[in-house]
Amino acid sequence: MSENQNLLAEQRRALILDEVRRRGGVRVNELTRRLNVSDMTVRRDLDALARQGVIEKVHGGAVPVVEASTHEPGFEAKSTLELTAKEDIARAAAAMAVPGSAIALSGGTTTYALAQHLLDVPELTVVTNSVRVADVFHAAQRPGGPGGRPGAATVVLTGGVRTPSDSLVGPVADRAIASLHFDVLFLGVHGISVEAGLSTPNLAEAETNRRFVQSARRVVVVADHTKWGTVGLSSFASLDEVSTLVTDAGLSAGAREEIEERLPGLLVAGRGGSEEPAEG
């Protein structure tokens with residue numbers, strides 16, 4: 001299958017997921033007519049979405065999976081999802097990092113991908129509560145690794161209690177973050193929506209992320225299209241606190257319109273996306 005076909009499949013599945021969540025369920029024959037594709041193609045798309053855990057297949061169609069708002073997948077489970085989207089987002093977001101600036105990276109698999117693209121940005125000061133993100137920079141600076149590059153980043157890892165997603169949270173992390181000031185925060189999220197803003201299923205992580213947002217001059221959310229419309233147990237920031245959302249081309253047209261009405265900047269990365277943030 002060609003790269004174009006892969007991209008079309010991602011966009012088609014995003015539309016299907018959007019329809020399932022909006023209507024509470026869809027039938028295969030409805031999707032074949034709307035998308036102008038074969039029954040077999042729709043069933044493959046539903047299989048792929050079911051493997052991601054975002055829909056449940058039923059006889060003749062699909063319904064949304066309603067996860068408990070407290071459910072928090074582990075890092076390894078999340079790292080296998082939306083790999084192309086996360087890579088596109090990471091590449092686009094890395095271009096926003098200014099050499100010599102102080103940046104913060106929250107926990108998450110998308111910020112982990114972003115960290116790998118930030119290794120060549122010189123003279124960064126990076127504050128993170130992600131063990132995985134810190135390991136990316138540490139490995140790059142080890143003898144024999146891809147390190148040795150001039151202007152390697154200075155990395156500060158907060159203390160705290162480790163979550164299933166390998167983030168450090170709690171009072172120790174909160175105090176460390178509250179005493180610092182960042183030029184830009186690159187923030188991964190569990191969910192983003194009009195009603196709930198940015199949210200997470202972990203109460204302690206919500207407070208730590210809230211401190212990150214309060215300490216940053218600019219907040220750049222890095223989130224693939226499946227995060228739009230997802231709501232976790234605890235909200236920690238409203239949409240008007242976000243400077244830019246960097247997402248992928250799987251985002252539906254309806255979601256793009258909603259976001260552009262509410263956020264100053266939207267950057268859709270990857271083929272079919274925008275090269276520059278769309279200013280609202």
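Residue numbers 1 to 280, in UniProt numbering, belong to the letters of the sequence shown in order. Virtual Cβ for every residue (Gly too), placed ideally from N, Cα, C. The model shown is predicted, which means the values in this text are computed figures rather than measured ones.
Which stretch, first to last residue, makes up the beta strand (DSSP E) that contains residue i?
{"i": "residue 157", "result": "154-157"}
{"i": "residue 248", "result": "244-248"}
{"i": "residue 65", "result": "It is not in any beta strand (DSSP E) - residue 65 carries neither H nor E in the DSSP assignment."}
{"i": "residue 57", "result": "55-58"}
{"i": "residue 127", "result": "125-128"}
{"i": "residue 219", "result": "219-222"}
{"i": "residue 212", "result": "From DSSP, residue 212 is part of no beta strand (DSSP E) but of the alpha helix (DSSP H) over 203-214."}
Have a look at the options and flag the residue whose alpha-carbon is nearest the alpha-carbon of residue i.
{"i": "residue 103", "options": "136, 155, 192 and 88", "result": "155"}
{"i": "residue 113", "options": "98, 88, 218 and 124", "result": "88"}
{"i": "residue 14", "options": "256, 266 and 265", "result": "256"}
{"i": "residue 242", "options": "212, 251 and 169", "result": "212"}
{"i": "residue 168", "options": "245, 141 and 129", "result": "129"}
{"i": "residue 125", "options": "10, 109, 84 and 181", "result": "181"}
{"i": "residue 160", "options": "153, 171 and 152", "result": "171"}
{"i": "residue 45", "options": "121, 11, 259 and 95", "result": "11"}
{"i": "residue 135", "options": "24, 115, 264 and 62", "result": "115"}
{"i": "residue 97", "options": "251, 83 and 123", "result": "123"}
Our contact map puts residue i next to residue j with C-beta atoms below 8 Å; I'd like the distance itself, whole angstroms only.
{"i": "residue 111", "j": "residue 133", "result": "6 Å"}
{"i": "residue 200", "j": "residue 220", "result": "No, residue 200 and residue 220 are not in contact; Cβ-Cβ is about 17 Å, not under 8 Å."}
{"i": "residue 305", "j": "residue 28", "result": "Limits of the chain in this structure are 1 at one end and 280 at the other, which puts residue 305 out of reach."}
{"i": "residue 53", "j": "residue 63", "result": "About 13 Å separates the two Cβ atoms, so there is no contact after all."}
If the criterion is Cβ atoms closer than 7 Å, does the pair residue i and residue j meet it?
{"i": "residue 266", "j": "residue 237", "result": "no"}
{"i": "residue 247", "j": "residue 223", "result": "yes"}
{"i": "residue 166", "j": "residue 131", "result": "yes"}
{"i": "residue 158", "j": "residue 140", "result": "no"}
{"i": "residue 55", "j": "residue 20", "result": "yes"}
{"i": "residue 184", "j": "residue 218", "result": "yes"}
{"i": "residue 196", "j": "residue 235", "result": "yes"}
Kindly indicate the opening and closing residues of the alpha helix (DSSP H) around residue i.
{"i": "residue 133", "result": "131-141"}
{"i": "residue 32", "result": "28-35"}
{"i": "residue 253", "result": "253-262"}
{"i": "residue 92", "result": "83-94"}
Taking contact to mean at least 3 C-beta pairs separated by less than 8 Å, is the stretch 179-195 in contact with the stretch 220-232? yes
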